[in-house]
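Please read the structure below before turning to the comments.
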Amino acid sequence: MTMQRAAAVLLLILLAPAQSFAQIREGERIEIGLSTDRVSITSDFAGANLTIFGALDNADPLISRQGRYDIIVVLEGPPQVVVVRKKSRVLGMWINTQSVAFQDVPASYSVAMTRAPQDITDAENYKRLALRPGNIHLKPLNPDGEPRTIQEFTAALRARKEAVGLYVELVGGVQFLSQNLFRATLKLAPNVSVGTHKARAFLFRNGVFVQETSAALTIRKAGLEQRIFDFAHQQSLLYGIAAVLLAILTGWLGRMVFKKD
């Protein structure tokens, strides 16, 4: 009995390093930090680049040397309600004849990745993680509508976001600076929405999703634009009255300037 126990203890001692090594291999973690956590927008804002730095903890040196770690970084804008309208020609005029409202639509969605999408993981993983613009869950306010109509308006919403530069992908936008350190560059469009944006980083090993982490970015107006924005939201009645009075004054001045004798 004593010999059996001694053999069991010896076996545990021999297996302990292998088990520890396996835990290190399976315990990769990803951390990110933003170059700035606040972006101010003025009237002449023409877009900007946002740099995100990150690190891998407990990375497997062999997999790192083989280049089998991949990173996808997403900057997602605040959720909004968006109404998509369809115009039709009626009696010689183009008017809105149909509309579908969507809830929790990301105002913007920028993606940067280490390699081409098909070289990182498969389409099923992208769909499961809701990664890339084509896999964003766009939920209509009325899910009981005609399925074909909802599908048509969903495609139109994605196409419109891509056309104005709010939904973009950048292959090669994430670069490894060393085996453990990486840097991602994302573009902020000139028409980026104010509010709290969410930066998310996804780690893949040999095509398998490992972990996700996130950080917050605040985008707000600055200067006179910010004061007007705050006043419009905090004192909406006074703002409306002021806007009407300004319109009346502008019309009266225009009439006086262009008045014919």
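Taken in order, the sequence shown gives residues 0 to 260; the numbers are from numbering that gives the first Met the number 0. A virtual CB, placed ideally from N, CA and C, is assigned to each residue, including glycine. These numbers were taken from a predicted model, which means no experiment stands behind them.
If residue i and residue j are in contact, beta carbons under 8 Å, what's the gap, nearest whole angstrom?
i       : j       : result
Leu-187 : Gly-172 : Their Cβ separation, rounded to whole angstroms, is 13 Å, which puts Leu-187 and Gly-172 out of contact at 8 Å.
Pro-38  : Leu-216 : Checking the displayed sequence, the identity of residue 38 turns out to be Val instead of Pro. Going by Cβ atoms, the distance from Val-38 to Leu-216 rounds to 7 Å, so yes, they are a contact pair.
Glu-284 : Arg-199 : This structure cannot settle anything about residue 284, because the visible part of the chain is limited to 0 through 260.
Going by other Cβ atoms of all chains shown within 10 Å of its Cβ, with 16 needed for buried, is residue i buried or exposed?
i       : result
Leu-180 : exposed
Leu-130 : buried
Pro-262 : This structure cannot settle anything about residue 262, because the visible part of the chain is limited to 0 through 260.
Phe-257 : exposed
Trp-251 : exposed
Leu-61  : exposed
Thr-96  : exposed
Taking residue i as part of the beta strand (DSSP E), name the residues at either end of that continuous run.
i       : result
Glu-168 : 166-170
Gln-178 : Element bounds for Gln-178: n/a, residue is neither H nor E.
Arg-37  : 37-40
By the DSSP assignment, the alpha helix (DSSP H) with residue i in it spans what residues?
i       : result
Thr-153 : 146-162
Gln-117 : 116-119
Ile-62  : 60-64
Ala-122 : 122-127
Spell out the partners DSSP gives residue i in its beta bridges.
i       : result
Pro-78  : Pro-105
Glu-30  : Ala-54
Phe-203 : Asp-69, Phe-208
Asn-95  : Lys-86
Taking 8 Å as the threshold, find out whether the stretch 243-257 comes into contact with the stretch 94-114 through three or more Cβ pairs. no
The stretch 38-55 contacting the stretch 145-162, beta-carbon criterion three pairs below 8 Å: no
Below 8 Å, can you find three or more Cβ-Cβ pairs linking the stretch 187-203 to the stretch 41-56? yes
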